[in-house]
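Asks:
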Amino acid sequence: MADGSHLHGVAHWVRIFELASKQGVLNHGRDMAGSTNQYILKTVQEGLTVRTVDELKKLLSLLPLQEKPTRKAELVNAIANYLLGAGLKNLWQTLDELQQAAVAEAVYLTEGRHQAEQFRAKYGALPQWHDRSSIYSYNRPAAKLDLFFYPISAYATSSLLPEELRHQLQQFVPPPQALTLRSSADPPQHFQVRRRYFDYEQRQSMVKVNDIDVVSESTEQAAQQDFMAILRLIHLGKVSVSDKTLMPSKATLTAISPLLQRGDYYSETDEPDDDYHDPIGAIKPFAWVMLLQAGGLASLDGKKLQLTKTGQKAMGATAAKTLKALWKKWLKTTFLDELRRVESIKGQTGKGKRSLTAVSGRRMHIMTALSQCPVGAWVNVVDLKRYMIASDQSFEVSRNPESLYICEPGYGHLYDAAGRWSILQDAYLKCFLLEYAATLGFLDVAYIPPYDAPRDHLDDFWGTDDLSFLSRYDGLLAFRINALGAFCFGLTDTYTAAPITTASKLTVLPNLDLVLTGAPLSAAESLMMETFTRQTADAVWKLDREVALKAAEAGHLLQEFYDFLTQASVAALPKTVEQFFADCRRRSESLQDQGMARLIDCADAALAAQIAHDSRTKKYCQLAGERQLVVLLDQETRFRNGLRKLGYSWPLNNGSAR
Numbered sequence: 002m003a004d005g006s007h008l009h010g011v012a013h014w015v016r017i018f019e020l021a022s023k024q025g026v027l028n029h030g031r032d033m034a035g036s037t038n039q040y041i042l043k044t045v046q047e048g049l050t051v052r053t054v055d056e057l058k059k060l061l062s063l064l065p066l067q068e069k070p071t072r073k074a075e076l077v078n079a080i081a082n083y084l085l086g087a088g089l090k091n092l093w094q095t096l097d098e099l100q101q102a103a104v105a106e107a108v109y110l111t112e113g114r115h116q117a118e119q120f121r122a123k124y125g126a127l128p129q130w131h132d133r134s135s136i137y138s139y140n141r142p143a144a145k146l147d148l149f150f151y152p153i154s155a156y157a158t159s160s161l162l163p164e165e166l167r168h169q170l171q172q173f174v175p176p177p178q179a180l181t182l183r184s185s186a187d188p189p190q191h192f193q194v195r196r197r198y199f200d201y202e203q204r205q206s207m208v209k210v211n212d213i214d215v216v217s218e219s220t221e222q223a224a225q226q227d228f229m230a231i232l233r234l235i236h237l238g239k240v241s242v243s244d245k246t247l248m249p250s251k252a253t254l255t256a257i258s259p260l261l262q263r264g265d266y267y268s269e270t271d272e273p274d275d276d277y278h279d280p281i282g283a284i285k286p287f288a289w290v291m292l293l294q295a296g297g298l299a300s301l302d303g304k305k306l307q308l309t310k311t312g313q314k315a316m317g318a319t320a321a322k323t324l325k326a327l328w329k330k331w332l333k334t335t336f337l338d339e340l341r342r343v344e345s346i347k348g349q350t351g352k353g354k355r356s357l358t359a360v361s362g363r364r365m366h367i368m369t370a371l372s373q374c375p376v377g378a379w380v381n382v383v384d385l386k387r388y389m390i391a392s393d394q395s396f397e398v399s400r401n402p403e404s405l406y407i408c409e410p411g412y413g414h415l416y417d418a419a420g421r422w423s424i425l426q427d428a429y430l431k432c433f434l435l436e437y438a439a440t441l442g443f444l445d446v447a448y449i450p451p452y453d454a455p456r457d458h459l460d461d462f463w464g465t466d467d468l469s470f471l472s473r474y475d476g477l478l479a480f481r482i483n484a485l486g487a488f489c490f491g492l493t494d495t496y497t498a499a500p501i502t503t504a505s506k507l508t509v510l511p512n513l514d515l516v517l518t519g520a521p522l523s524a525a526e527s528l529m530m531e532t533f534t535r536q537t538a539d540a541v542w543k544l545d546r547e548v549a550l551k552a553a554e555a556g557h558l559l560q561e562f563y564d565f566l567t568q569a570s571v572a573a574l575p576k577t578v579e580q581f582f583a584d585c586r587r588r589s590e591s592l593q594d595q596g597m598a599r600l601i602d603c604a605d606a607a608l609a610a611q612i613a614h615d616s617r618t619k620k621y622c623q624l625a626g627e628r629q630l631v632v633l634l635d636q637e638t639r640f641r642n643g644l645r646k647l648g649y650s651w652p653l654n655n656g657s658a659r
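Our numbering runs 1 ahead of the 1-based position in the sequence shown.
1. Kindly indicate which residue of Lys-551, Ala-487 and Ala-524 has the alpha-carbon position closest to the one of Ile-231.
2. Look up Ile-482 in the DSSP assignment and say whether it is helix, strand or coil.
3. Take every Cβ of the stretch 515 to 532, pair it with every Cβ of the stretch 552 to 565, and state whether three or more of those distances are shorter than 8 Å.
4. Cβ atoms of Leu-148 and Trp-130: under 7 Å apart, would you say?
5. Using C-beta distances below 6 Å, list every residue in its chain close to Arg-263, excluding the 5 sequence neighbours before and after it, in chain order.
6. Counting along the chain, where does the beta strand (DSSP E) carrying Thr-534 start and finish?
7. Identify, in the order they occur along the chain, each residue of the same chain with its Cβ nearer than 6 Å to the Cβ of Gln-226, setting aside the five sequence neighbours on each side.
8. Considering only the alpha carbon of each residue, which of Lys-431, Ala-320 and Pro-455 lies closest to Phe-228?
9. Leaving out five residues on either side along the sequence, give the residues of the same chain with a beta carbon under 6 Å from the beta carbon of Gly-317.
10. Would you call the CB atoms of Glu-344 and Tyr-429 closer than 7 Å?
11. Shortest alpha-carbon distance to Gln-94 belongs to which of Val-77, Leu-64, Glu-68 and Phe-120?
12. Which ranges would you report for the alpha helix (DSSP H) in the stretch 34 to 121 if only whole runs of at least 4 residues count?
13. Just the C-alpha distance for Ala-504 and Arg-587, rounded to the nearest angstrom, thanks.
14. Find out if the Cβ-Cβ distance for the pair Ala-299, Gly-282 is shorter than 7 Å.
15. Is it true that the CB of Cys-432 sits closer than 7 Å to the CB of Trp-328?
16. What are the uninterrupted segments assigned as beta strand (DSSP E) that are 3 or more residues long and contained completely in the stretch 444 to 478, given in chain order?
17. Would you report the Cα separation of Ala-81 and Leu-49, rounded to the nearest angstrom?
18. Can you give the beta carbon distance from Ala-370 to Leu-385, rounded, assuming they're within the 8 Å contact cut?
19. Around the Cβ of Asp-427, are there at least 16 other Cβ atoms within 10 angstroms (buried) or fewer (exposed)?
20. For Lys-498, tell me which candidate among Glu-221, Ala-144 and Phe-199 has the shortest Cα-Cα distance.
21. Helix, strand or coil: how does DSSP classify Ala-598 here?
22. Roughly how far, in whole angstroms, is the beta-carbon of Ala-569 from the beta-carbon of Pro-189, given that I think they are within contact range, below 8 Å?
23. Sorted by chain position, which residues of the same chain lie with C-beta nearer than 8 Å to Leu-522's C-beta, five sequence neighbours on each side aside?
24. Measure the C-alpha to C-alpha separation of Pro-402 and Gly-362 and round it to an integer number of angstroms.
25. DSSP state of Tyr-151, grouped into three classes?
26. May I have the straight-line CA-CA distance separating Val-571 from Ala-552, to the nearest angstrom?
27. Give me the residue from Thr-111, Glu-68, Phe-396 and Ala-143 with the minimum Cα distance to Thr-53.
28. Compare the beta carbon distance of Gly-353 and Leu-405 with 7 Å and say whether it is the shorter of the two.
29. For Asn-381, which beta-bridge partners are listed by DSSP?
30. Would you mind working out which of Gly-88, Gln-116 and Leu-492 sits nearest Gln-100, comparing C-alpha positions?
31. Using a Cβ-Cβ distance under 7 Å, would Arg-400 count as near chain C?
32. Taking only three categories from DSSP, how would you classify Ser-356?
33. Under a three-way DSSP split, which group does Asp-244 fall into?
34. For Asn-512, I'd like the list of residues in its chain whose CB is within less than 8 Å of its CB, leaving aside the five on either flank, ordered along the chain.
35. With 16 as the cutoff for other CB atoms within 10 Å, does Asp-97 come out buried or exposed?
36. Quick one: what's Leu-517 bridged to in DSSP?
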């Protein structure tokens, strides 16, 4: 366009926009997320003014008007008068169900804006609207929705419902249907896997559909037992992590897996025996090691993890309360970004790291959505995703996804991973739910191998052809918030743990022998027996008071072992065994640690007795022998104040005054 007509066109629309702004037609408005980068269109006439004469004529042809003006101002007036008059209701009634829903959403919920992504997520489809991907579709007919929604410029799509039209529509348009999150009483049982292959006989591409079984796993009870087993393993010094990344070693992951009540989500049998598929890798063992460190229950000492004081107390506390406190810390920690566990997405530790959003913000978005899920009902992950988009609760993983890539840094950049939801959000959400919330026992889960999971839009990205899956979490299909999850998420105030169950059977003898007579002990049960008893033969253990008291002293819970024996015993526990546990409980609880204290020497026994019985100091000290006093550290300041009132002082250097 050497004649410069394109400059004239640009200047024309700039003038229109400036005029609209001066007249207050286009005002900044807030969307559902509170942003101010949207506009509110006030009048129908200003919305029509943006359109060309040809577009206005096409719109006019949709209306039952006899007059056929040709000038732009006359076309604008004719259409505006009809829309603001009695004909508006008749026009709205000619819309189909989805089109009417689009208008209702804009009238009541979105402040006049048509939000396509939220609409599709809520209704499952977009309203019928002619393709606007090309600005050169000169012969394209007008759409009825173009009489309701208007663009803010010649090159924008119709998305704004004028305020004066919105007020008119409120008089007869009913509110839209409420947004609901679908759920079911039962998890999915089967899943259809579609595989494409080439039929050389018919010389064409074919699709084969197979039904595979869905694995459903209840996690509530197993997770609490796993938690105690891994605390015991760390206490025994058998958990190694990297001193740089603090991630568990391969040997540690191998050691933890057998301890888990139900094992990891996937076993070696779930992985194809060939070199063409990526390995799934560990999920639960990895999560436990990271969670316990992030929660302050374990810390690195050399090359091994050791329990902190909080971790030692956790061995003697109720698992549910500890897990609740652990979850609160995890939500705020920056110890690990769950996206790091999606190894196929590269660039997270390089340039792309600066663009990643705060993990605490992502987690809170997901937790807000989880708080709106029904407790005890199964929710499909796809339905949760749609609900989050439709309710404008989506979250951002990277501000510049093009800095991340798949496979090769020069080709596989994720330019198309922006928007309200993409493979980044999908991968992060599934990792958060499966590897952390479900591993802790808060969510029951239904899943299939990641190799069989739908690839959705994964194939749209360069370099994904050779990937077996985007992440090891792709197979997660559905979840259910259980009673433990409701308690730890703050949805309920109380929680009662289910009794421990075991498949192993023991004959508990009056002489305190424990004889294995049923199925072999699991790895976690063997570790418990090693902690509380003394093994005397291949399948025989002995209850020993010194061993039991040593375990209790280290923080292990005697009641947990007692409950296990009660479940595993083929008969009621003998009286001698009941007496053994009662005696051990009494002996382990007879002495209580009251904290650190100072031992103070007095000049003579008379002074010690005076201080110990004076009303100003007796609350904060105790006699220890004839002329010594014991003062707890947390009472030291009060004791010093009382001592000065009594007429004495205690040197700050903790030595005697000379």
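We put the beta carbon where it would ideally sit given N, CA and C, even for glycine. All figures in this text were calculated on a predicted structure; none of them were measured in a lab.
Replies: In this structure, then:
1. Looking at the Cα atoms, Ala-524 is the closest of the given residues.
2. Correct three-state label for Ile-482: strand.
3. Result yes; three or more Cβ-Cβ pairs closer than 8 Å.
4. Going by C-beta atoms, Trp-130 is not nearer than 7 Å to Leu-148.
5. If we look at Arg-263 and ignore the five residues flanking it on each side, its Cβ neighbours are Ala-223.
6. Note, Thr-534: beta strand (DSSP E), 534 to 538.
7. Close CB contacts of Gln-226 within its chain, under the 6 Å cut and outside five residues either way in sequence, are with Gln-262 (chain order).
8. Looking at the Cα atoms, Ala-320 is the closest of the given residues.
9. These residues qualify, in order along the chain: Gly-556 and Leu-558.
10. Cβ atoms of Glu-344 and Tyr-429: not closer than 7 Å.
11. Looking at the Cα atoms, Leu-64 is the closest of the given residues.
12. Taken in chain order, the complete alpha helix (DSSP H) segments of 4 residues or longer contained in the stretch 34 to 121 are 45 to 50, 54 to 61, 73 to 84, 88 to 94 and 98 to 109.
13. Looking at the two C-alpha atoms, the distance is approximately 30 Å.
14. With contacts defined by Cβ atoms closer than 7 Å, Ala-299 and Gly-282 do not form a contacting pair.
15. The answer is no: Cβ separation not under 7 Å.
16. Correct list: 444 to 448.
17. Looking at the two C-alpha atoms, the distance is approximately 8 Å.
18. Leu-385 and Ala-370 do touch by the CB rule: their CB atoms are close to 6 Å apart, below 8 Å.
19. Asp-427 is buried by the Cβ-count criterion.
20. The amino acid occupying residue 498 in the given sequence is Ala; Lys does not appear at that position. Nearest option by C-alpha distance: Glu-221.
21. The answer is strand: DSSP assigns Ala-598 an E or B state.
22. With a Cβ gap of about 34 Å, Ala-569 and Pro-189 do not count as contacting.
23. For Leu-522, where only same-chain residues beyond five positions count, the Cβ hits under 8 Å are Ser-505 and Met-530.
24. Rounded to the nearest angstrom, the two C-alpha atoms are 17 Å apart.
25. In the structure shown, Tyr-151 sits in a strand (DSSP, three-state: E or B).
26. For Val-571 and Ala-552, the distance between alpha carbons rounds to 25 Å.
27. Residue Ala-143 is the option with its Cα nearest to Thr-53.
28. Closer than 7 Å, so yes.
29. As DSSP reads the structure, Asn-381 sits in a beta bridge with Ala-479.
30. With distances taken between Cα atoms, Gln-100 lies closest to Gln-116.
31. Judged by its chain identifiers, the structure shown contains no chain C, having just a single protein chain.
32. Ser-356: helix per DSSP, three-state reduction.
33. Three-state result, Asp-244: coil.
34. Annotation for Asn-512: Thr-577 place their beta carbon closer than 8 Å to its own, counting only its chain and skipping 5 residues before and after.
35. With fewer than 16 other Cβ atoms within 10 Å, it is exposed.
36. The partner list for Leu-517 (beta bridge, DSSP) reads Leu-507.
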